[in-house]
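In numbering that gives the first Met the number 0, the protein residues as written are 0 to 228.
For each residue, glycine too, the CB sits at the ideal point set by N, CA and C.
The model shown is predicted, which means the values in this text are computed figures rather than measured ones.
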Amino acid sequence: MPKLQGVITGLLFFFCMSAYAQTGVTAEQVLNRYVEKTGGEKRWKSVHTTMFRGVVTLENGDSIVFAVVKAPNKYYIKTTTPDGVWATIYRSGVGVSVHSGKIDTIYDKQKLDDLKLQSSILPDMEYKKLMYKMELSGVQKLDNIDYYEIKLISPNGSTTWNYYDKKTGLLRMINYENKSKATFPEYKEFNGCLYPDRELLKLPDGRVIDMVLKGIMVNIPIDERLFNF
0 MPKLQGVITG LLFFFCMSAY AQTGVTAEQV LNRYVEKTGG EKRWKSVHTT
50 MFRGVVTLEN GDSIVFAVVK APNKYYIKTT TPDGVWATIY RSGVGVSVHS
100 GKIDTIYDKQ KLDDLKLQSS ILPDMEYKKL MYKMELSGVQ KLDNIDYYEI
150 KLISPNGSTT WNYYDKKTGL LRMINYENKS KATFPEYKEF NGCLYPDREL
200 LKLPDGRVID MVLKGIMVNI PIDERLFNF
């Protein structure tokens, strides 16, 4: 077993060095560039709370999304649909889902990894701190545009692939393990920082969910009761 682990380690090292040789950059450098292109580390670190409102277009009508982040470890999201209201609350490592007055604790460790990431003001700035493995796979050409492809593995093994536009540095697409795909065709400036203004989420069954950001408020007082459960 130790010998096999050594072989695997060597292969991973070779893979990472090959990607660097092809691109001349590392995964961390690509992520840092995104931080700078969207506002810069100093400005992002000055943001402690964000409140989002958006509209999601679904087959059965529009839904309203309301989300709050209070760094470094609190996150709340509520979706109001024609069929009811769903909410997810995360606080310091514990997450719950709420629907029709019923509260269910979230035990899935990979889901908790994702909620912890979402409780960050800018997830792309926190991957290293949150102990994600970051691997630059190389440059991928999609629709005649070159993207840096970065494989991100959470502490509990959840994997996503982020695609950053080689020319602009902006995150344009995320591929998930369940075969769904999020694209971010538009960005908009709020308080000196760039945020994705629209997200298109393609589900494994081919359906597309279209979410448009309607507003962001930053550094406003947040009622702590929002994170109670």
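- DSSP places Tyr131 outside both helix and strand once states are collapsed to three, so it counts as coil.
- Out of Leu202, Lys108 and Tyr131, the CA that lies nearest to the CA of Lys178 is found in Leu202.
- As computed with DSSP, Pro195 is found in a beta bridge with Tyr186.
- Taking Val29 as reference, the option from Lys150, Lys180, Glu198 and Leu225 with the minimal CA-CA separation is Lys150.
- If you draw a straight line from the Cα of Gly156 to the Cα of Leu116, it comes to about 14 Å.
- Bridge partners of Gln139 according to DSSP: Tyr146.
- The three-state reading of DSSP puts Asp103 in strand, counting E and B together.
- Going by DSSP, Asn31 is part of the alpha helix (DSSP H) stretching over Ala26 to Lys36.
- Below 8 Å, too few C-beta pairs join the stretch 55-66 and the stretch 123-136 to call them touching: fewer than three.
- DSSP links Asn161 through a beta bridge to Ile149 and Ile173.
- In this chain, Leu111 is not harboured by any beta strand (DSSP E); it is covered by the alpha helix (DSSP H) spanning Lys108 to Gln117.
- For Lys44, there is no enclosing beta strand (DSSP E); the residue is found in the alpha helix (DSSP H) stretching over Glu40 to Lys44.
- Listed in chain order, the beta strand (DSSP E) runs fully inside the stretch 41-91 are 48-57, 60-69, 73-80 and 83-90, counting runs of at least 3 residues.
- A direct Cα-to-Cα measurement between Thr80 and Arg206 gives close to 17 Å.
- When secondary structure is reduced to three states using DSSP, Asp209 falls in the strand class.
- Check the Cα spacing between Leu225 and each of Leu114, Leu121 and Ile76: the tightest is with Ile76.
- Going by beta carbons, Leu111 and Gly83 fall outside the 8 Å limit.
- Look at Leu200 here: in three-state DSSP terms it is strand.
- When the Cα atoms are used, Val67 and Thr78 turn out to be separated by approximately 12 Å.
- Nearest to Val217 by alpha-carbon distance, out of Tyr194, Phe228 and Leu199, is Tyr194.
- Counting the other CB atoms within 10 Å of its CB gives Asn227 a total below 16, which places it among the exposed residues.
- By the criterion of a C-beta distance shorter than 7 Å, Ser99 is surrounded in its chain by Gly83, once the five residues flanking it on both sides are discounted.
- Less than 8 Å divides the Cβ of Leu212 from the Cβ of Asp196.
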